[in-house]
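> In the numbering used here, the protein residues as written are 6 to 143. Cβ atoms here follow ideal geometry from the backbone N, Cα and C, with glycine treated the same way. Below you will find the structure I want to go over with you.
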């Protein structure tokens with residue numbers, strides 16, 4: 006069975022992490038969600054302290070990464086960023102914003118990095134290179 010056939014068989018009943026993060030949406034809807042996050046969800050939340058709770062750091066063993074609710078903080082090139090990375094069958098994505106949440110970027114990619122073949126390695130390298138080039142611009 007090829008990857009395309011496999012993806013057609015899988016659905017929300019038999020993939021435990023689909024939709025990942027419970028964010029089943031189009032790229033356009035994700036952009037609107039991310040813009041709302043950057044602006045403290047003004048049309049959704051009555052109190053901006055809710056966003057502060059989402060980005061508040063929870064305890065973690067690794068000093069370079071600090072997790073909030075859904076979002077995580079990352080120190081990269083002597084700067085601090087907040088975002089989310091995700092990997093699932095056939096996709097890999099990154100959403101990152103600068104610490105002040107005045108500018109953000111989302112990278113959505115097709116490709117399965119969970120395999121151990123050459124294609125998966127190429128997808129991961131390309132995705133990481135994009136990440137390394139874009140995040141310092143935030």
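1. For the alpha helix (DSSP H) holding residue 42, just list the boundary residues, first then last.
2. What residue range is occupied by the uninterrupted beta strand (DSSP E) comprising residue 84?
3. Which residues does DSSP pair with residue 110 in a beta bridge?
4. Taking the alpha carbon of residue 39 as the reference point, which residue from 118, 128, 84 and 112 has its own alpha carbon closest?
5. Ordered along the chain, which non-local residues of its own chain (more than five positions away) have a Cβ less than 7 Å from that of residue 100?
6. Which two residues bound the contiguous beta strand (DSSP E) that contains residue 52?
7. Smallest Cα separation from residue 141: which of 82, 94, 78 and 58?
8. Quick check on the DSSP output: the alpha helix (DSSP H) that includes residue 126 runs from which residue to which?
9. So residue 76 packs on residue 59, CB below 8 Å; how close in whole Å?
10. How close, in whole Å, do the beta carbons of residue 118 and residue 129 come, if the pair is a contact with beta carbons under 8 Å?
11. Rounded to the nearest angstrom, how far is the Cβ of residue 114 from that of residue 98, given a contact under 8 Å?
So, from the listed chains and residues:
1. 32-43
2. 84-93
3. 101
4. 112
5. 39, 88, 89, 109 and 111
6. Note, residue 52: premise wrong, no beta strand (DSSP E); not H, not E.
7. 82
8. 123-139
9. 6 Å
10. 4 Å
11. 7 Å
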